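Peer 1: If you read the sequences in order, they're chains A and B. Each residue of the first sequence is one higher than the one before, counting from 4 in the numbering used here. Each residue of the second sequence is one higher than the one before, counting from 4 in the numbering used here.
Number of protein chains: 2
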Amino acid sequence: MRKLRAEQFGLTRKVDYGSPEQNETAARIVEAVRTEGDAALLRYTEQLDRVQVDAAGLRVTEEEIQAAYDRVDADFLTAIRQAAANIRAFHEKQLRQSWVDVQPDGTMLGQLLRPLKRVGVYVPGGKAAYPSSVLMNVIPAQVAGVPEIVMVTPPATGGKTGIDPYILVAAAEAGVKEMYRVGGAQAIAALAYGTETIPPVDKICGPGNIYVALAKRAVFGVVAIDSIAGPSEIVVLADETADPAYVAADLLSQAEHDEMASAILVTASEALADAVATEVEQQLSTLPREGTARQSIEGYGAILLAETMDEAIAAVNRMAPEHLEIMTAEPMTLLGRIENAGAIFVGPYSSEPVGDYFAGPNHILPTNGTARFSSPVNVDDFVKKSSLIYYSKDALMANGDQIIALARHEGLEAHARAIEIRLERER
Amino acid sequence: MRKLRAEQFGLTRKVDYGSPEQNETAARIVEAVRTEGDAALLRYTEQLDRVQVDAAGLRVTEEEIQAAYDRVDADFLTAIRQAAANIRAFHEKQLRQSWVDVQPDGTMLGQLLRPLKRVGVYVPGGKAAYPSSVLMNVIPAQVAGVPEIVMVTPPATGGKTGIDPYILVAAAEAGVKEMYRVGGAQAIAALAYGTETIPPVDKICGPGNIYVALAKRAVFGVVAIDSIAGPSEIVVLADETADPAYVAADLLSQAEHDEMASAILVTASEALADAVATEVEQQLSTLPREGTARQSIEGYGAILLAETMDEAIAAVNRMAPEHLEIMTAEPMTLLGRIENAGAIFVGPYSSEPVGDYFAGPNHILPTNGTARFSSPVNVDDFVKKSSLIYYSKDALMANGDQIIALARHEGLEAHARAIEIRLERER
Chain A
4 MRKLRAEQFG LTRKVDYGSP EQNETAARIV EAVRTEGDAA LLRYTEQLDR VQVDAAGLRV
64 TEEEIQAAYD RVDADFLTAI RQAAANIRAF HEKQLRQSWV DVQPDGTMLG QLLRPLKRVG
124 VYVPGGKAAY PSSVLMNVIP AQVAGVPEIV MVTPPATGGK TGIDPYILVA AAEAGVKEMY
184 RVGGAQAIAA LAYGTETIPP VDKICGPGNI YVALAKRAVF GVVAIDSIAG PSEIVVLADE
244 TADPAYVAAD LLSQAEHDEM ASAILVTASE ALADAVATEV EQQLSTLPRE GTARQSIEGY
304 GAILLAETMD EAIAAVNRMA PEHLEIMTAE PMTLLGRIEN AGAIFVGPYS SEPVGDYFAG
364 PNHILPTNGT ARFSSPVNVD DFVKKSSLIY YSKDALMANG DQIIALARHE GLEAHARAIE
424 IRLERER
Chain B
4 MRKLRAEQFG LTRKVDYGSP EQNETAARIV EAVRTEGDAA LLRYTEQLDR VQVDAAGLRV
64 TEEEIQAAYD RVDADFLTAI RQAAANIRAF HEKQLRQSWV DVQPDGTMLG QLLRPLKRVG
124 VYVPGGKAAY PSSVLMNVIP AQVAGVPEIV MVTPPATGGK TGIDPYILVA AAEAGVKEMY
184 RVGGAQAIAA LAYGTETIPP VDKICGPGNI YVALAKRAVF GVVAIDSIAG PSEIVVLADE
244 TADPAYVAAD LLSQAEHDEM ASAILVTASE ALADAVATEV EQQLSTLPRE GTARQSIEGY
304 GAILLAETMD EAIAAVNRMA PEHLEIMTAE PMTLLGRIEN AGAIFVGPYS SEPVGDYFAG
364 PNHILPTNGT ARFSSPVNVD DFVKKSSLIY YSKDALMANG DQIIALARHE GLEAHARAIE
424 IRLERER
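1. Which chain A residues sit within Cβ distance under 7 Å of B/ARG425?
2. A/SER390 versus chain B: which residues are under 8 Å apart at the beta carbon?
3. What are the residues of the stretch 35-46 of chain B that lie near chain A, defined by any Cβ-Cβ distance shorter than 9 Å?
4. Step through the CB atoms of chain B and report whether any lies within less than 7 Å of the CB of A/ALA82.
5. Between the Cα of A/ALA144 and those of A/THR336, A/LEU115, A/ALA408, A/VAL204, spot the shortest distance and give me the residue it belongs to.
6. Rounded C-beta distance between B/VAL269 and B/VAL349? I'm assuming under 8 Å.
7. Just to confirm the assignment, what range does the beta strand (DSSP E) spanning A/THR156 have?
8. Return the chain-ordered list of same chain residues with a C-beta closer than 7 Å to the C-beta of A/PRO168, the five sequence neighbours on each side being excluded.
9. I'd like to confirm the pairing. Which residues does DSSP put opposite B/ARG121 in its beta bridges?
10. Please give the ranges of any alpha helix (DSSP H) in the stretch 185-209 of chain A, keeping only runs that are unbroken, at least 4 residues long and fully inside the region.
11. Should A/ARG430 be flagged as near chain B, meaning a C-beta pair shorter than 7 Å?
12. Run the CB neighbour count on B/VAL103, radius 10 Å, all protein chains shown included, and call it buried at 16 or more, exposed below.
13. In terms of alpha-carbon separation, which member of B/VAL105, B/LEU51, B/VAL137 lies closest to B/GLY178?
14. Which same chain residues, not among the five before or five after B/ASP359, have their C-beta less than 6 Å away from its C-beta?
15. Examine the Cβ distances between the stretch 331-351 of chain B and the stretch 107-114 of chain B and report whether three or more of them are shorter than 8 Å.
16. Output yes or no for whether 7 Å exceeds the beta carbon distance between B/LEU217 and B/ASN26.
17. Enumerate in chain order the residues of its own chain whose CB-to-CB distance from A/LEU426 is below 6 Å, with the five nearest sequence positions on each side excluded.
18. Using 7 Å as the threshold, is the C-beta distance between A/ILE166 and A/TYR183 below it?
19. Give the secondary structure of A/SER390 by DSSP, where H, G and I count as helix, E and B as strand, and everything else as coil.
20. Smallest Cα separation from B/TYR303: which of B/SER288, B/ILE267, B/GLU310?
21. Could you pull the start and end residues of the beta strand (DSSP E) that B/MET330 belongs to?
22. With a threshold of 6 Å (Cβ to nearest heavy atom), would B/GLU199 be considered close to the ligand ADP?
23. If you measure beta-carbon to beta-carbon, which residues of the stretch 399-424 of chain B are closer than 9 Å to chain A?
24. At 7 Å on the CB atoms, spell out the chain B contacts of A/VAL226, in chain order.
25. Check whether the stretch 121-140 of chain B touches the stretch 409-421 of chain B, taking contact to mean three or more Cβ pairs, one atom from each stretch, closer than 8 Å.
26. Is the Cβ of B/ALA252 closer than 7 Å to any Cβ of chain A?
27. Output yes or no for whether 7 Å exceeds the beta carbon distance between B/LEU115 and B/SER389.
28. Of all Cβ atoms in chain A, is any one closer than 7 Å to the Cβ of B/ASP78?
29. At 4 residues or longer, and completely inside the stretch 273-350 of chain B: list those alpha helix (DSSP H) runs for me, N to C.
30. Give me the residue from A/LEU415, A/VAL250, A/GLU39 with the minimum Cα distance to A/THR331.
31. Report the option in A/ALA174, A/SER288, A/SER354 whose CA atom is closest to the CA atom of B/LEU399.
32. With H, G and I counted as helix, E and B as strand and the rest as coil, what does DSSP make of A/ASP167?
33. Closer than 8 Å by beta-carbon distance: list the chain B residues that pair up with A/LYS206, in chain order.
34. Starting from A/TYR183, follow its DSSP beta bridges and name the residues at the other end.
35. Are B/GLY186 and B/PRO157 closer than 7 Å when you measure CB to CB?
36. Can you give me the Cβ contacts of A/LEU98 inside the same chain, cut-off strictly under 8 Å, excluding the 5 residues immediately before and after it?
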């Protein structure tokens, strides 16, 4: 791995907004589904996914879901059920209550918190279809209380209408009852605007290819969308007490994701830096996805050498990594100094896959430096707030004049009069 | 006002994404400021705002802020201070704590909640400059604990560098210490990318013209942005016990905002409908902004007649209004049935200006039906979360095999090995 000085290093890759042609294609598909409904949905499914299906066949049947259970192996089912239980338990701790503040003059002010009514989860097809991601998108919505959660996913097998049984089982275990075999920009448009077969949703989540991302961007405002994920990143902050083999293994677990994934060690220990570089090379050569991992390590991997731990921490905060592992002598003592990171894995046993699959916290995290201002997927993402304002007669009589003064200052006379008419009649 | 049947009525106006030319202009300005910094910022300020200012003159001085205090009247100062105190008190109740769940096997999982570091608030110039909106954007960020809050606003007076003293005083009262006289797409670009004079921020809030909105859209992902506000809306849900004069006055307080504002009464009482229509006409004719209010009422105003209160409530939920007033015999009993509304004003004394200026809840609310999935501006908008994952050795040894099973199923061998190497060495 290349070694760089930590002091100036930042991690910012450009956000991919697609080419003008890609944007045009996504917009055309969205518009067709918006105006033509099912007809366009089926046409694009035939054209792009090379699968013929009629409107009645879009919805995945109860029988298919049952059949999927017969095809997944028992170990998988046990593990995904435990993972789902852990994810549910962690997200349930995030649940919040509506509240109201009752004041002595009778006034009541508060926030009503309610779940969104209907949420659509996009699950990509092919090798990017991860059962764990289905859990991570669906369970927070379910914990929030969203009554209708619908999954869309493209038919996975060329020419056939089938869907990966592991995806179906993960969705069913997470509690999804409504699933459609449709993908791409056309599926996003169907979720946003609704068709004869698929009722519209309030929010769309889940990753997809560039056309899915551009379609989500195009329907933003009509529905809510989640953030658009960039390539995955890990930063390991370590000192001489860290095991170089563990550090290397964790870096490689990111690097195997894709060629643009980024795996970075930040350390003030040159000895650790050298040992990790050696370990990475050794472990890399035995990986089934060696090619992908090697391209990632060469293109976006690095060992950043800092003069001091302070400088190392500053580099971490500048990068605002999606995943941060801390493997130092006393990792908990550094926690307060980490300003920006999506998920923080503390100590030698908190290897990133622990969080990717199992522990409970969400694995959908802010990428590309956005941990500066955004958060892991969480229950709040599926809750909307309404302000509650009950002003008593006493309160209005006492404060009306000040409200009138502010309204008149802004030149909004009708605002002033809406208060004044009440003061005149009832004071 | 036109009377319509409530049963089918929905309220959706198209989101304005600007013309291709407007998008190109905004993109060109953003790119120039990104690459040239202050030079482009000053050039566009001269070209678009017709104000000459050098880099050293961009920042509003302490003396200007003091001078502004001498120019605002005492009633305004008293009222804005009380409003600020009320807004602060309401938002302080929203503050949440980081939490950690400590499990018997030593595992600790949690969420760290921290404020964003630096937030930029855009305040439009001219007649759209509302001191109340300055409070509504700044105070939630301040309550969240954001240490650096910066305001940008265009020089307000043609050819002069001055800024409306009421805006300066509102910002100072809300606690802003850093203000720049710069507006338009160039100000948004400066906040997103930073220039020699203006350091970059993590999030940009506040309304502006179409170029400001398009520039915010263009920098989305580099920084966070707030939602893009549409025209203002009010729906009044009322029965025969409501005072038609109050209803009419409240409808008009929305209508005066702009020609595209929407003011709608929903009722099952034909008598109330007729009385409100008469009152609206009477009150309208005496308003200083009669022209604007009349266009709004004629273009986007309506009285929706429902057969029953159930049908009326269904219509409200379909519209998902920004502001909802409930003036019925027992308004609190209807609260649970209102699914979608930005702010809910309950009873005859909770006239909308109470919330616009004074009570404490935020007046920046989801418009255009987006209350289905989004919320008033609140403290959470300025807080980011990081997941905390500390897995103990015991926990890893107990659960490692399940994590490996899930990773191998997804074909991510390096993920599996990152766990396996620890199990092999330490089990």
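By construction, the Cβ of each residue, glycine as well, lies at the ideal position given by its N, Cα and C atoms. Bear in mind that the values here come from a model prediction, so they are computed numbers and not experimental data.
Peer 2: Working from what's here:
1. Taking the beta carbon of B/ARG425 as reference, the chain A residues within 7 Å of it are TYR249, TYR352, SER354, listed in sequence order.
2. Within 8 Å Cβ-Cβ: GLY345, ALA346, ILE347, GLY358, PRO364, ASN365, LEU368, PRO379.
3. Result list empty, no residue passes.
4. Closer than 7 Å to some Cβ of chain B, the Cβ of A/ALA82 qualifies, so yes.
5. Per the Cα distances, A/VAL204.
6. Actually they are not in contact, since the Cβ atoms of B/VAL269 and B/VAL349 sit about 15 Å apart, beyond 8 Å.
7. Counting along the chain, the beta strand (DSSP E) containing A/THR156 begins and ends at 151-156.
8. Hits under 7 Å: ALA71, ARG74, VAL75.
9. Paired residue(s): B/GLU151.
10. The qualifying runs are 187-196.
11. At a cut-off of 7 Å between beta carbons, A/ARG430 makes no contact with chain B.
12. Classification for B/VAL103: exposed.
13. For B/GLY178, the nearest C-alpha among the options comes from B/VAL137.
14. Spatial neighbours of B/ASP359 in its own chain (CB-CB distance under 6 Å, excluding positions within 5 residues in sequence) are listed in chain order as HIS366.
15. They do not touch, by the three-pair rule.
16. Yes, the pair counts as a contact, with Cβ atoms nearer than the cut-off.
17. Contacts found: GLY403.
18. In this structure, A/TYR183 does not lie closer than 7 Å to A/ILE166 by Cβ.
19. Under the three-state reduction of DSSP output, A/SER390 falls in the strand class.
20. If we check each option's Cα against that of B/TYR303, B/ILE267 comes out closest.
21. In the DSSP annotation of this structure, the continuous segment of the beta strand (DSSP E) that includes B/MET330 starts and ends at 326-330.
22. No copy of the ligand ADP occurs in the structure displayed, which carries no ligand at all.
23. Those residues of the stretch 399-424 of chain B that come within reach of chain A (Cβ to Cβ, closer than 9 Å) are LEU399, MET400, ASN402, GLY403, ASP404, GLN405, ILE406, ILE407, ALA408, LEU409, ALA410, HIS412, GLU413, GLY414, LEU415, GLU416, ALA417, HIS418, ALA419, ARG420, ALA421, ILE422, GLU423, ILE424.
24. Below the 7 Å Cβ cutoff, chain B contributes PHE376 as neighbours of A/VAL226, in chain order.
25. Because the criterion of three Cβ pairs below 8 Å is not met, the stretch 121-140 of chain B and the stretch 409-421 of chain B do not touch.
26. Judged by the 7 Å Cβ criterion, B/ALA252 is in contact with chain A.
27. A distance below 7 Å separates the beta carbons of B/LEU115 and B/SER389.
28. So yes, B/ASP78 belongs to the interface.
29. If one requires a minimum length of 4 residues, the alpha helix (DSSP H) runs lying completely within the stretch 273-350 of chain B are 273-287, 293-303, 312-322, in chain order.
30. When only C-alpha atoms are compared, the closest one is A/VAL250.
31. Of the candidates A/ALA174, A/SER288, A/SER354, the residue whose Cα lies closest to the Cα of B/LEU399 is A/SER354.
32. In the three-state scheme derived from DSSP, where H, G and I count as helix and E and B as strand, A/ASP167 is classed as coil.
33. The contacting residues are PHE376.
34. Looking at the DSSP assignment, A/TYR183 forms a beta bridge with A/ARG62, A/VAL155.
35. Contact: yes.
36. Exclusion of the five residues before and after A/LEU98 leaves VAL146, ALA147, VAL382 as the residues of its chain whose Cβ lies within less than 8 Å of its Cβ.
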